[in-house]
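Input: a single structure, listed below in structure tokens.
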Amino acid sequence: MKILYKGLIIIILLVTFSACKKQWLERTPQNIITDAQLWGDPNMITGLLANYYERLPTDMGLDGNWRNMADYDDAMWSGYSGEDGRSNLTYSTGRWQLWDYGLIRDINKAIENIATYSPKGTPLQIATNAQFTAELRFVRAYQYFELVKREGGVPIVTKQLIYDYSGDASPLRNARNKESEVYDFIATEMDAVKDVIGNISGTGVPSQTRANKYTCLALKCRAMLYAGSLAKYNNLMAVPITTTGAEVGIPASMATGYYTKALQAAQDIINSGVYTLYNSTPDKGQNFYDAVCKKGVTNKEVIMARDFLSAKAKRHGFSYDNIARSIREDNLGSSCITPVLNFVEAFDYLDGTPGTLKIRTADNSDYIYYTNMADVFANKDNRLFGSVITPGSTFKGLNVDIQAGVKTWNSVTSSYTTLTSSTLGSTHTDGKLLTGAGGPHASIQEVSNTGFYLKKFVDQGAGTSTRGILSDVWWVRYRLGEIYLNATEAALELGQTSVALPYINAIRQRAGFPANSLDATTLTIDKLRNERRLELAFEDHRVWDLKRWRIADKIWTGSATNPDDVLYALYPYRIIRPGDPLRDGKYVFEKIKAPRFVLPRNFQMNNYYSTIPQSAIDNNPLIVKNPFQ
Amino acid sequence: MGKKYILEKFSPNFSVKQLFRIKRLTTLVLFLGVWLICTNSVYADNSGVDLKGNTVKITNLINSNNLLPAPVTGVVTDSKGTTLPGVTVRVRGTNKATITNAEGKFTIDVTNNQSVLVFSCMGYRSETIVVGTQKTLTVAMLDEVKALDEVVVVGYGTQKRGSITGAVSSVKSDELVKSSSVAATSALVGKVAGITARSYDSRPGNGTSIQIRNMGNPLYVIDGVPYSTNDGTSSFGFNTDISGQSVFNQLGLEDIESVSILKDASASVYGLRASNGVVLVTTKKGGRTEQPSINVNGYYGVQNFTRYYDVANAGQYVTALVQSNQNRGQTPAYTKEEVAKWVAGTEPGYQNNDYKKIMLRPNVPQSYISVNATGGSARTNYYFSVSNLNQDAVLKDFTFNRTNIQSNISTKLAKGLTIGTQISGRIEKRHNVGVPGLDDYFNPLLSISSMWPTETMYANNNPLYINQTHNVNVNPATYTDQITGWCDDVTRALNVNLNAQYDFNFGLTAKGIYSYNFTNEDFNGFEYIWPAYIYNAATDTYADRPIGGAPYGNQNPWREIHKNNIVSRFAQFQLNYTKQLGNHNISAVAAYERSDMENYYVAVHTIPPTNYIPTMLFANQDYLGYSWVTEARAGYTGRANYSYKQKYLLEVLGRYDGSYLYRSDKRWGFFPGASIGWRMSEEPFFKNLVGNAVSNLKLRASYGVTGSESGLNAFDYLPGYNYPSGSAVFDGTYVIGLQPKGTLPVTNLTWVKNQSANIGIDFTVMGDKLTGQFDVFNRKKTGMPAARYDVLLPSEVGYSLPNENLNSEATRGIEGQLTYSNKSGVVDYTIGVNATLARRRDLTQYKPRFGNSWDRYRSAYVDRWGSIDWGYQVIGQFQTQAQIDAYTINNDGKNNTTELPGDYIFKDQNGDGVINTLDNRPIGYAEGAQPYMSFGLAGSLTYKGITLSFSFAGATMQSFRRNVELKVPFQNNGNSADYMLADVWHHADPYDITSPWIPGTYPALRKDVSTVNTSTSDIWITNINYFRLKNLEIGYNIPQKLLKKAGISKLRVYANGSNLFSFDNMKKIGIDPEIASQGGLIYPQQSLINIGFNLSL
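Top to bottom, those sequences are chains G and X.
The opening position of the first sequence corresponds to residue 627 in this note's numbering, with each subsequent residue numbered one higher.
The opening position of the second sequence corresponds to residue 3 in this note's numbering, with each subsequent residue numbered one higher.
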């Protein structure tokens, strides 16, 4: 018996530990791909590119830092009260800071590994690898553009910097290149790859989401325009911003060359005939919205976009966060970015007169009374209606319901008594609307405090403002509208007004202006700059434009008396004045300082170039600081 | 031959396995008892051996010496009044002795009235009584709680309390169950020295965060099986992982026999994960040759929040709004007449809505029932139990329910061979209302402070119409299963331990354990769409949307199911050797073990087209989630003990441990430990010196090394690309991304080394009445991960060097415990105190760099106490505008242009005339962390079967930061705590700016404007102290006379209260002192009042 039991114990122990393999602690991960698995597989390399494209930075976007849209002078924050700091902006010296060499390193690693690992052989593989390499170089140049426009000249690193654990990392140090050298690098890279990069279908339709010849030209065009304006306007400043090594500061003499390249690149795109300004929707406001937001190859205006796809759960909450309050489908969110009156009034009337709204009589003695709220915006540049939801208009076929309150005539005092409610959608004692379900309201969060709502990039699809469904509107990186304006600006700066005019007039004509609405006398650089503000609003251009023109510090002065600095709201009221049929039941408008707005935008000289991270300076003594840092 | 009868008390705290390890003599007695059973073939017979209940009663063994002429009779009971059989009664200085019978009665002859009777019984304190003139004596014996022969579970075995050399505390079952806690961690609070506790979030089913000596999350070992320290909280606020803490928390409280806490080098036997101490849990086993007993325990109680602040009523709210308008120079939001109506609160449409009252139900039930059967035959012992716990939340439709089963059985198959299983299972059910957002418990609390007291939850107060309030997301009218939907989270876990043991006849035991644990979490949630309305009084209609607009309410439905399937396995082979050679006691343990864990997570999410059908369809699917986690470890461990005459004690232990986290060449490490003890009280010279005043005095010292896996994740040692990482849509097609790893493979980093040193003293003095234990400790952590930044890798390389083991810190402290037991007349009492002070000190930092001396002062970590809270010191409040105008220090950074009377004046520490971050000074301890000092006080009083027991727990040296709801008036455009709106500086007349200022506690209100008053300062940082009555219980043992006829051996009824009151400094803020949530929006602890019973058949 005893022997039997001892045997039994031994058997039990053997069974228990029979799986006692030596590799017990050696587990196989489920989420790591090796180099060998990656470089032989074009699908995997495409996945790598997917990651790299998505890491390209923006100052605005749809799924991350879109809140920055409320930080300039086109819109005001109406969302969560915890972010009221956006109403009080002195830009920090580290704002727009970017020193992301992780992406540069990953791209360099990929370029080198394609050469090392990929199977040598068939012409198809060689062509594929060449195309991937070209595409990686595009992404790298794009990243360098993002770096140089924020920080000035940065070290151009095109090879992996590999540390050998020797304890001495000094061989890995690179000094900053000149600002101009980075722009030149972008131009030469794009010239080098644009004809091998591919991504154009057999029928000649270029990809709208991956780099191709035209995206190369678009990047080059924008970069050269920036370089040209930096060369010109920096040197027109009282004290140009420069460093001795020209890491910051481009000689004025280089301006013409850059503008010429910008114009040439723009014309290469325009003259290719591949793209056309979108002009398919009869309603010109809606047409402008569609020109940006309508996805797919039927929109021949968009050159490159960052796309989303709800069916694959690739989506963003931009519509959830920014849908007008009164038509939101979720019980949270909405209304964060709300355009301001300053922006609305920047849109001219189609007859060419300035866009100031007519809300008071000429002698300022009384309101102007409108039967419909929309009437006050009649005959404005239609891009307004593609970008902004104005009082009295609809979105997704629904009434946006904007009304601040009612004004009741007091015949004794001969004045109006204003009544508003903190209940959105409340009714007055007369049974009609008191305060609209869409506000505006001075202090409630997630309802407009400016009287306007954002339309551009907000999804028109059902359910897209819910957290469950979300939106897949795309984010436009380059579109033909910008290229036209780039061409206009470059030509104008080169003194070629006659070259400039057709481009800008085409843009304006699409917005509802008559043909040739500008001529050589009315097309000024200021006019062009305002066109860029209107056409490209919320597409991540405004702050960069103001910086490269070196006027940001003049517009956002931090002065409460500077009308450019102070953000305004427009509050509509319903009039109750029985016995006065000309006024009773009509609508009037009040212009007020946006109520959640506290202190004026304040852009200082040290904001033109962001500080370089202290860690980058500590880590590499060759990195010189930016001016004012 | 002077043979003594030593009778062991068979408390359920002794497993049979442990019993065999007790002195051989004990075993002999046991066998004697068994022999008696066999020869007499009588159970529960007064004339024989009664194995009923917990006490071996041996009667009539000595009854032949009945000849002397002066008999004394008497009854011996325990402290609860139950009669005690088997107590030895001796006449001092003679050989005369007897033993009490089954009724606890005895008769003994004495020679004169100066005779002294000595009563002794294992497990009880000896009693000495002078006979005097009494002929009938009643003697109550006190429990010997801290008896040196108490068996304590330690790593890989058990030891007698007297021979332990490490810092080990233990808690027994009966102390745990007194707390009526839902979770086992909560039951430990205040009970033992060395444990710090904080209840951050006490939603139903949650436990308390406990740490040993503030060292971090401990390792939990349950019935010999270590569990993961991976402590993840899943989404929706459920914590259903299988970290050891969760498994421990969700054990049936009645099923736990004992909990031991290894605090010093004694933990080294657990190696790589033991640096934060080890919690050893043993479940009940039943005693061999123990008559079956069936125990039923139950209680029913009602719970209320310990504390939750009141929000302003409508009158206070509108008054505050108007004051804010005045302070900001705005038009008043309400007219004087309207404010008066709201203050009166009587006119329809102007009545207050008390959302605290609406949200928080009073007296919600909590109930518990447990049935267990335990006992054993000569070969087999068993413990079976089933229990059920029900806890409702004070929020309607939020519930927690748990069912536990435990089945422990062990049997001797043959001589020397024992096999057994321990099977435990549980089902945890949590039901929440599916309110929008992620954490369903947060929103209802947010409602209290967000809803305006001026708005109703139903439009026109008509319960058919949910009101579209200013923030309908927090309208409590929607918080029901029927309206907003529901979430069910069910965790089902089954743990099977199989073990076999062979005892060789020369002191060697071989043992194998295999454990398989399967835990499944099923989440099932459905959030509905629902309408809301605005009432139009003029037309008496309810609008469900603005004219031409989108519907009010919520149109965001979702449906989700997700699952965690977790398998963890553990196998161990162990050898034990025990030998006594004369005065030399030797024991040794060696073991090999290994374990792994795999967790698969799958989630499916759809957008349901209706509220009515929970079936999920592919057509509606919009998300699929998957994740996988694994762990694997192995280790060799050993321990050897040597003692000479039970006087000089030595323990040496060590572990060679390996973890999957490290690359194969850096995977294994050795963790040794040693401890020594000297029982000074056993020395003859000591006895001569102090006599009987000190019955036990032991000095202990220990030193050991443990590891902690810190600073890296699984597979960090591998190069390659993370997949998936990011994604893009290329030409309409979705492409999954991958990304190169951002740091180089982690090959230089190894575990953090922890050196624990401990010096302790144990003593028993005052005739065994006072026992105590004090320890001083220091755990030094070296090799904490940090970057080696003197190799200045340029940022432009685009990657970072992996962390290396560079920094060090220490956790230092002192702890102690004192217990005093005595009786005064017929009242027995025990009182114990314990306290722990433990704090981190940062020792070295790898080549710290500072920009300037301020930076060094503010940021240095070297040789400084850890977790210092910094902020301004407030030196007063501005009293008048004139004072502000004349004030020369720039208090607000804007030349005091934003200041109003009542605003805080900050101390200009550096005297530079401006208040900025340079004026920050230390103003507090760690926020949201365990308190540096914890203490407890527990006691009990017994009088004739009535027992009153209580325990207090307290803490100090911890900081709470008020923020958001507790700092910003009208936070989130909502309401605020009443004191924040009513007790403020304000003008006497809110419509007259020239009226005088009336002082208040808080600054003048300025809604929607952030002022300098909200800067971090000692106004908003409170250093919390509390001392709370954790538990108060009064119990009564129904006299056995009454029970006998019903066949009941024991029935106890009790009333119990938890968290009934506290002394603390958070009352003025209105929050429980243990929460950490800065806005106070967290489920605080409950005060629980219950009645219950313990019944044994």
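Where a beta carbon is used, it is the ideal one built from N, C-alpha and C, also for glycine.
Note that this is a predicted model, so its numbers are computed, not measured.
Next on the checklist: Since Gly-972(G) and Arg-1159(G) should fall inside the 8 Å C-beta cutoff, what is the C-beta to C-beta distance between them, to a whole number of angstroms?
Outcome noted: In the sequence under discussion, the amino acid at residue 972(G) is Ala, which differs from the Gly named in the question. Indeed they touch by this definition, with Cβ atoms about 6 Å apart.
query: So is Tyr-809(G) in contact with chain X if we call contact Cβ pairs under 8 Å?
result: no
Next on the checklist: Please return the same chain residues whose Cβ sits closer than 7 Å to the Cβ of Arg-941(G), not counting the five positions on each side in sequence.
Outcome noted: Phe-934, Leu-1096, Ser-1097 and Asp-1098
Assigned exposure category for Gln-911(X) - 16 Cβ within 10 Å defines buried = exposed
*asked:* Counting only beta-carbon separations shorter than 8 Å, does Gly-1102(X) have a partner in chain G?
replied: Nothing can be reported for residue 1102(X), as the shown portion of chain X is limited to 3 through 1099.
> Can you name the residues that DSSP bridges to Lys-193(X)?
Replying inline: According to DSSP, which records beta bridges pairwise, Lys-193(X) is partnered with nothing at all.
Cβ shell of Lys-417(X) (< 7 Å), same chain only, five flanking positions each side left out: Sequence-distant Cβ neighbours of Lys-417(X) in its own chain, meaning closer than 7 Å and more than five residues away, do not exist here.
Legend entry - Under 8 Å between C-beta atoms of Ser-268(X) and Gly-427(X): no
query: For Cys-489(X), which residues does DSSP report across the bridge?
result: Asn-434(X) and Gly-527(X)
Quick check on this structure: which residue in Val-748(X), Gly-509(X), Ile-1093(X) and Ala-730(X) has the alpha carbon closest to the alpha carbon of Gly-713(X)?
Ranking the options by Cα distance to Gly-713(X), first place goes to Val-748(X).
Exercise. Give every residue of the same chain whose Cβ lies closer than 7 Å to the Cβ of Gly-159(X), excluding the five residues on either side of it in the sequence, and list them in chain order.
Key: Asn-578 and Val-591
- Query: Ser-1124(G) lies in the alpha helix (DSSP H); which residues open and close that run?
  - Reply: It spans 1123-1136 - the alpha helix (DSSP H) in which Ser-1124(G) sits, taken as one unbroken run.
Can you tell me the Cα-Cα spacing of Trp-1266(G) and Ile-812(G), whole angstroms?
Residue 1266(G) lies beyond the range of chain G shown here (627 to 1255); nothing can be said about it.
*asked:* Helix, strand or coil, according to DSSP, for Asp-777(X) in the structure here?
replied: Here Asp-777(X) carries a strand assignment [DSSP, helix/strand/coil].
Contact list for Ala-634(X) against chain B, beta-carbon separation under 9 Å | Considering every chain present, this structure includes no chain B. Its protein chains are G and X.
- Message: Please list, in chain order, the chain X residues whose beta carbon lies closer than 9 Å to that of Met-1231(G).
- Response: Within chain X, no C-beta atom comes nearer than 9 Å to that of Met-1231(G); the closest sits roughly 21 Å away.
Report the rounded CA-to-CA distance for Thr-907(G) versus Ser-1185(G), giving the unit in angstroms. 42 Å
- Mind pulling the chain X residues with CB within less than 7 Å of Glu-955(G)? Correct list: Ala-552, Gln-557 and Asn-558.
**Asked** Taking C-alpha atoms, which residue in Leu-856(G), Tyr-901(G), Gln-912(G) and Asn-860(G) lies nearest to Tyr-885(G)?
**Response** Leu-856(G)
| query | From which residue to which residue does the beta strand (DSSP E) around Phe-672(X) run? | reply | 670-681
**Message:** Please give the ranges of any beta strand (DSSP E) in the stretch 950-1012 of chain G, keeping only runs that are unbroken, at least 3 residues long and fully inside the region.
**Reply:** 963-965
Q. Which class does Thr-716(G) belong to by DSSP, given the choice of helix, strand or coil?
A. strand
- Query: Which residues of chain X have a Cβ atom closer than 7 Å to the Cβ of Val-783(G), listed in chain order?
  - Reply: Those within 7 Å of Val-783(G) in chain X are Glu-798.
Smallest Cα separation from Arg-932(G): which of Gly-527(X), Tyr-736(X) and Trp-344(X)?
Tyr-736(X)
- Task: Only counting runs of 3 or more residues, tell me where the beta strand (DSSP E) segments fall wholly within the stretch 911-979 of chain X, in order along the chain.
- Result: 923-926, 935-945, 948-958 and 961-963
* To do: Taking Lys-1022(G) as the reference, give the member of Gln-1071(G), Tyr-915(G) and Gln-890(G) with the closest Cα.
  => Tyr-915(G)
- Task: Throw me the rounded Cβ distance for the Arg-800(G) and Leu-1248(G) pair, which I believe falls under 8 Å.
- Result: First, the amino acid is wrong: residue 800(G) is Asn here, not Arg. That belief holds up - the Cβ atoms of Asn-800(G) and Leu-1248(G) are roughly 7 Å apart, short of 8 Å.
Does any residue of chain X have a CB that is nearer than 8 Å to the CB of Phe-934(G)? yes
Cα-Cα separation between Ser-936(G) and Ser-945(G), rounded to whole angstroms:
13 Å
- Does the stretch 1049-1060 of chain G come within contact of the stretch 1015-1032 of chain G, defined as at least 3 CB pairs closer than 8 Å? yes
Say whether chain G places a C-beta atom closer than 8 Å to the C-beta of Arg-596(X). For Arg-596(X), the answer is yes, since a Cβ of chain G falls inside 8 Å of its Cβ.
Exercise. May I ask you to verify whether the stretch 957-972 of chain G touches the stretch 1118-1127 of chain G, counting CB pairs closer than 8 Å and requiring at least 3?
Key: no
Going by other Cβ atoms of all chains shown within 10 Å of its Cβ, with 16 needed for buried, is Gln-484(X) buried or exposed?
-> exposed
Could you give the uninterrupted runs of the alpha helix (DSSP H) lying entirely in the stretch 666-719 of chain G, keeping only those of 4 residues or more? 668-680
TODO: Please report how far the alpha carbon of Gly-347(X) lies from the alpha carbon of Gly-317(X), in whole angstroms.
DONE: Between the alpha carbons of Gly-347(X) and Gly-317(X) lies a gap of roughly 7 Å.
- Is the CB of Ala-540(X) under 8 Å away from at least one CB in chain G? yes
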